[in-house]
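For the sequence shown, the residue numbers in UniProt numbering are 1 to 196.
See structure below.
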Amino acid sequence: MTLSKALVRTQSRMAQVALVVGGSLFIALAAQVSVPMIPVPMTLQTLAILLVGFAFGARLGAATLLAYLAEGAMGLPVFAQGMNGIAFFGPTAGFLVGFVGMAAIAGVAADRGVRGFVGTAAVALLASALLYVPGVLWAMSLAEMAGIDTAKWGADSFGSVWTYYMAPFLIGDAVKAVLAALIVTGGWAALKGRRA
């Protein structure tokens, strides 16, 4: 059982739609809390995505992220720094698509009953690490489309990716993973206390 099912016992279609809309709004608001960095801003967006995944489960969490991406594609300023669908053509596009997987990974853990702090934090760290796969692949593809021969990067290839797309965000990702675990386990503890 996920937190959303524990809190909202009747999972009717209307309740699920409300959760998806509310979750996508929550992520959009968190995306606006931003620390400017180049080339990708660091926001509370991934913290919100982890929380949605852990609270909603895999299916509803992924649906929430698909709705969030659709809102951006329709022109709503839901992405970091008030961006919309234009972001699908920039360096953040791989990360945007990877958000669906991030929520799904957290959701699978929630569906399987992961509730403890250590397990939740470990899953959050794994989901955060896997987000770099589509993010970095897209950034490198974009560089190649722009005429930059990434094959010539040689030994510097990983160094460039590390410097611009990974290193600046690792500490923030670790902190957000721990925060997500604290919030989720705190939510379960509060729910248990209320029922006692």
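Don't be surprised by glycine CBs; every beta carbon is placed ideally from N, CA and C.
Model, not experiment: these values are computed from the prediction.
### Task
Please state whether DSSP places residue 24 in a helix, a strand or coil.
As a working mapping, residue 24 is identified with position 24 in the sequence shown. The answer is helix: DSSP assigns residue 24 an H, G or I state.
### Message
Quick check: residue 121 and residue 184, are their CB atoms within less than 7 angstroms of each other?
### Response
Against the sequence shown, residue 121 aligns to sequence position 121. Against the sequence shown, residue 184 aligns to sequence position 184. Taking 7 angstroms as the Cβ cut-off, residue 121 and residue 184 do not qualify as a contacting pair.
### Query
Distance, Cα to Cα, residue 85 vs residue 195?
Along the sequence shown, read from residue 1 onward, the residue named residue 85 stands at position 85. Along the sequence shown, read from residue 1 onward, the residue named residue 195 stands at position 195. Distance between the alpha carbons of residue 85 and residue 195: 43 angstroms.
### Query
Touching or not, the segment 20-28 and the segment 60-76, by the rule of three or more beta carbon pairs under 8 angstroms?
yes
### Task
Tell me whether residue 83 sits in a helix, a strand or coil according to DSSP, three-state version.
Counting from 1 along the sequence shown, the entry for residue 83 is found at position 83. The answer is coil: DSSP assigns residue 83 none of H, G, I, E or B.
### Query
If you draw a straight line from the C-alpha of residue 155 to the C-alpha of residue 164, how long is it?
As a working mapping, residue 155 is identified with position 155 in the sequence shown. As a working mapping, residue 164 is identified with position 164 in the sequence shown. Low local confidence applies: a pLDDT of 45 at residue 155 is under 50, so the model's placement there is unreliable, with the coordinate-based value given in what follows. Distance between the alpha carbons of residue 155 and residue 164 is about 15 angstroms.
### Query
By the 10 Å Cβ neighbour count, where 16 or more other Cβ atoms means buried, how is residue 182 classified, buried or exposed?
Position 182 of the sequence shown, counted from the start, is the residue given in the question as residue 182. Exposed is the call here.
### Query
In its own chain, which residues sit with a C-beta less than 6 angstroms from the C-beta of residue 188, not counting the 5 before and 5 after it?
Here residue 188 refers to the residue found at position 188 when the sequence shown is read from its first residue. Answer for residue 188: 115, listed in chain order.
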